[in-house]
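Residue numbers (our numbering): -12 to 111.
Okay, structure first, notes after.
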């Protein structure tokens, strides 16, 4: 699968809140580095935990605005129905995400979701 195909499958699984399918899209030792994290997440289990926390506290939808591909990387510009916008970079090797970097505004996310701001991002 091309990087764009992998990210297309990622969007579909994300919008279904399908954690199992999302996690399978990541390589076993993948890195997920979101601007809101204190440290990058490393490995499928850490990534699984993040998705479980996120889908447990918020209803999230990823609407593709633009999806580009450059070599082994797909670049996704997205928005959600509540007005949050961001972008993500997905490096793909052998059909799996090996590195993801994402940018969005943490305070806007919590405000738009009606969630109290936690001490740390992945705190429940």
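Where a beta carbon is used, it is the ideal one built from N, C-alpha and C, also for glycine.
Between the C-alpha atoms of residue i and residue j, what's the straight-line distance to the nearest angstrom?
{"i": "residue 94", "j": "residue 56", "result": "29 Å"}
{"i": "residue 4", "j": "residue 50", "result": "14 Å"}
{"i": "residue 0", "j": "residue 104", "result": "26 Å"}
{"i": "residue 43", "j": "residue 76", "result": "24 Å"}
{"i": "residue 25", "j": "residue -11", "result": "30 Å"}
{"i": "residue 131", "j": "residue 30", "result": "Because the chain is modelled from -12 through 111, residue 131 falls outside the range shown and cannot be assessed."}
My output table needs one value for residue i: the three-state DSSP class, helix, strand or coil.
{"i": "residue -6", "result": "helix"}
Residue i: which of the options sits nearest, CA to CA?
{"i": "residue 63", "options": "28, 88, 70", "result": "88"}
{"i": "residue 58", "options": "78, 2, 28, 48", "result": "78"}
{"i": "residue 21", "options": "91, 98, 15", "result": "91"}
Runs of 3 residues minimum, wholly inside the segment 8 to 48: which ones carry the beta strand (DSSP E) assignment? 13 to 21
For a minimum of 4 consecutive residues, which ranges assigned as the alpha helix (DSSP H) are wholly contained in the segment 75 to 105? 93 to 100
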